[in-house]
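Heads up: the structure comes next, in structure tokens.
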Amino acid sequence: MPRSYGAAAAATAFEAAFSNAEVLGQEPPRPLRRELREAEPYPVEALGGVISGAVKGAHDIIQAPLEICAQSALSHAALAVQAHANVVLPTGHGRPLSLFLLSVASSGDRKSAADKELGWGLAKHERNLADVLVQAKAEYQNDKEAFEAARAVAKSKGKDGGRNEIATALEAVGNPPNPPLDAVVSFPEPTLEGLHKYLAIGQPSMGLFSDEGGMFVGGVGMSKENVLKSAAGFSQLWDGAPVKRLRSLDGATVLYSRRVSLHLMLQPEAAARWLADETLRDQGLFSRLLVAAPRSIAGTRLFREPSADARPNLVVFGSRVLSALERKPRVVEGTVAELDPRDLPMTAEAQAMWRDFADALERQLGPRGNLRPVQGLANKIPEHAARLAAVLALFEDLDVPELDRETLARGIKLAQWYLGEALRLAEVGYIPEDVKLAEAALEWLRGEWSLRDDVSDGRLFSLPDLYQLGPNSIRHQEVASRAVAVLIEDGWGVMVEGTHKVRGVPWREVFS
């Protein structure tokens with residue numbers, strides 16, 4: 457490669473090294489991957505005044521991508537209201553308000569900071585529950601001991617151990633006291649079994665919120681041995697199905713009417729691998745996920761003073777979350793933790809809009825339909841729209857009697873954005889690791905390598921040059937070989953015959 461100075465000149469020179477492809481009648485270098493098109497702007501205004509204000513406030517203060525802030529806000533709003541109602545679809549089926557959200561962003565995109573800014577209402581609620589639990593445990597222990605003492609007295613009342621008299625006395629003692637529910641409302645990465653076990657002793661409405669989603673998708677619950685069982689279990693939680701457990705030590709337990717919302721934050725590589733899992737895709741878990749994968753804004757987040765209403769908007773949002781969480785949900789009579797959410801029906805106008813939306817999607821699911829690549833999600837998008845709209849409605853007014861047309865339209869607008877995001881990601885799919893290595897090698901050869909003072913002919917490089925001096929991801933001979941193999945296969949490089957000197961060292965294997 458001719459000597460050049462400057463990144464633009466280096467790129468031009470590197471590409472010129474392969475200009476003989478046209479002279480020889482060979483095909484030009486092929487792109488290593490299909491470019492990911494830009495995402496549509498997130499419809500933040502559809503979230504409504506309180507939520508959209510908080511999303512923009514968090515974005516303004518910490519400068520995380522707007523989509524990440526929206527995902528965090530929606531997850532906390534869903535957790536706040538999901539115990540209180542089910543949305544009734546025009547089909548007559550009542551559906552939970554739980555949302556399963558996945559945010560894809562690189563390390564340093566301030567995912568954790570966004571969730572912290574938007575999650576103070578939940579944190580305050582958990583702290584309040586913990587304070588109450590201390591007193592509740594003491595009262596329960598006293599009640600339990602009194603119950604056990606009363607049973608002991610009852611057993612001693614029967615004459616000569618008369619069964620009927622003892623039974624009557626025991627019946628008069630009554631049922632044992634129920635232990636207080638545990639105070640934790642959100643977990644970062646439990647296994648499905650751990651979550652099921654906790655739902656038996658803890659709060660009936662919970663959130664699985666993790667800013668290190670890799671710990672969840674890479675943990676024992678999603679291992680090769682457990683992935684199908686875990687995926688089916690989480691799908692059932694989204695559906696609102698009863699939680700059934702059968703264990704040799706614990707026996708059989710069935711937990712009815714629990715609610716779980718989920719928000720996982722994953723780095724792009726981990727997300728790509730997880731979303732490419734055919735087992736999970738065929739099982740149906742991914743059709744229950746609403747994914748946002750915004751472009752990183754790192755490098756543009758120069759210091760600025762946030763707007764005057766940014767912090768107050770976050771306070772209003774957190775207060776609304778706290779208020780909804782602290783209102784005691786209805787439970788089935790005679791139970792402590794079996795939720796009895798009320799029905800939230802749609803108005804006649806909203807039902808008509810929902811049916812039209814569902815029909816419009818169905819028409820695009822045929823053999824040549826635009827939505828075939830995301831058929832699983834598209835089938836559930838009408839329900840996603842209803843859930844989103846119901847979350848917005850209840851968050852604005854926990855006593856709202858019906859889901860109206862205007863609020864459903866906002867839910868549909870959000871659902872359409874998530875459907876478009878899924879289509880955008882499906883266009884590219886999972887990028888193999890070797891292709892990413894080849895891209896890193898190509899960028900380094902075009903730039904840093906061509907500008908080195910000790911390189912007399914920038915067109916040539918050896919394998920040791922690449923893995924000793926190249927990008928950190930290619931600092932190994934075997935890895936460098938894989939990267940170069942991809943470059944050669946796609947026409948970005950060739951092996952040069954004979955022995956050639958590179959940086960004064962003769963090599964039998966030299967590439968150009």
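First residue of the sequence shown: 457, per the working numbering; consecutive thereafter.
For glycine and all other residues, C-beta sits at the position ideal for the given N, C-alpha and C.
The structure presented is a predicted model; accordingly, all values stated were derived computationally and were not measured.
For residue i and residue j, which I take to be in contact (beta-carbon distance under 8 angstroms), what is that distance rounded to the nearest angstrom?
{"i": "W810", "j": "A842", "result": "7 angstroms"}
{"i": "P660", "j": "E794", "result": "7 angstroms"}
{"i": "H540", "j": "P785", "result": "6 angstroms"}
{"i": "G513", "j": "N769", "result": "4 angstroms"}
{"i": "S968", "j": "G949", "result": "7 angstroms"}
{"i": "D638", "j": "I657", "result": "6 angstroms"}
{"i": "R880", "j": "A495", "result": "6 angstroms"}
{"i": "A936", "j": "I944", "result": "Not quite, the Cβ-Cβ distance comes to about 12 angstroms (not below 8 angstroms), so this is no contact."}
{"i": "H581", "j": "E782", "result": "6 angstroms"}
Can you list, in chain order, the residues of its chain whose CB lies under 8 angstroms from that of residue i, leaving out five sequence neighbours each side?
{"i": "E501", "result": "S508"}
{"i": "F742", "result": "L731, L736, G832, L833"}
{"i": "A477", "result": "Any reading at A477 needs caution, since the residue's pLDDT is 44, under 50, leaving its predicted position unreliable; the model's value is listed next. So the list reads E483, P484, P485, G947, once near-sequence residues are dropped."}
{"i": "P762", "result": "G513, D516, I517"}
{"i": "K685", "result": "L648"}
For the alpha helix (DSSP H) holding residue i, just list the boundary residues, first then last.
{"i": "H515", "result": "505–518"}
{"i": "P838", "result": "831–852"}
{"i": "P920", "result": "919–925"}
{"i": "W576", "result": "576–611"}
For residue i and residue j, what's the separation of their Cα atoms in angstroms?
{"i": "M951", "j": "A570", "result": "49 angstroms"}
{"i": "S568", "j": "A520", "result": "9 angstroms"}
{"i": "E734", "j": "E595", "result": "51 angstroms"}
{"i": "A534", "j": "W900", "result": "45 angstroms"}
{"i": "D946", "j": "G550", "result": "53 angstroms"}
{"i": "V847", "j": "Q538", "result": "8 angstroms"}
{"i": "A445", "j": "P632", "result": "An answer regarding residue 445 cannot be provided, because it is not within the stretch 457 to 968 covered by the chain."}
{"i": "V479", "j": "P829", "result": "Residue confidence for V479 is low, a pLDDT of 45 falling below 50, so the modelled location carries little weight and cannot support an answer."}
{"i": "G611", "j": "L655", "result": "Sequence inspection shows Lys at residue 611; the Gly mentioned does not correspond to that position. Rounded to the nearest angstrom, the two C-alpha atoms are 34 angstroms apart."}
{"i": "A606", "j": "V629", "result": "6 angstroms"}
{"i": "L850", "j": "A896", "result": "48 angstroms"}
{"i": "N620", "j": "A608", "result": "16 angstroms"}
{"i": "P698", "j": "S691", "result": "11 angstroms"}
{"i": "W905", "j": "V911", "result": "8 angstroms"}
{"i": "L859", "j": "T547", "result": "15 angstroms"}
{"i": "V640", "j": "G876", "result": "35 angstroms"}
{"i": "E805", "j": "S713", "result": "29 angstroms"}
{"i": "K1027", "j": "G650", "result": "In the structure as shown, the chain starts at 457 and stops at 968, and residue 1027 therefore has no counterpart that could be examined."}
Within its chain, find whatever has a CB closer than 6 angstroms to the CB of residue i; leave out the 5 residues flanking it on each side and keep chain order.
{"i": "N417", "result": "There is simply no residue 417 to check, as the chain begins at 457 and stops at 968 in what is shown."}
{"i": "P644", "result": "S666"}
{"i": "R566", "result": "I518, A520"}
{"i": "R964", "result": "T955"}
{"i": "D796", "result": "R786, V787, V788"}
{"i": "K836", "result": "S743"}
{"i": "F773", "result": "V506, A510"}
{"i": "S528", "result": "A570, D571, L574"}
{"i": "S752", "result": "S562, D565"}
Once you ignore the five residues that flank residue i on each side, which residues in its own chain have a CB closer than 7 angstroms to its CB?
{"i": "S531", "result": "L555, L557, G663, F665, S717, H719"}
{"i": "Y498", "result": "L522, E523, A526, W873"}
{"i": "W694", "result": "S554, F556, R744"}
{"i": "P838", "result": "W810, F813, A814, L817"}
{"i": "R938", "result": "D890, L893"}
{"i": "A688", "result": "Q739"}
{"i": "L711", "result": "L655, A656, P698, V699"}
Go to residue i, then tell me how far its beta strand (DSSP E) extends in each direction, as first and last residue.
{"i": "R798", "result": "798–800"}
{"i": "K784", "result": "Run containing K784: none; DSSP gives neither H nor E here."}
{"i": "F556", "result": "556–560"}
{"i": "V961", "result": "961–963"}
{"i": "V958", "result": "956–958"}
Exercise. Would you mind listing the beta strand (DSSP E) stretches within the stretch 680–748 that are 3+ residues and don't spill past its ends, in chain order?
Key: DSSP runs (the beta strand (DSSP E)) wholly in the stretch 680–748: 699–703, 707–711, 715–722, 745–748.
Quiz item: Mind pulling the alpha helix (DSSP H) runs of 4 or more residues that sit fully within the stretch 519–549?
Solution: Runs found: 522–537.
Exercise. Return the chain-ordered ranges of every beta strand (DSSP E) run that is complete within the stretch 625–671 and spans a minimum of 3 residues.
Key: Correct list: 661–666.
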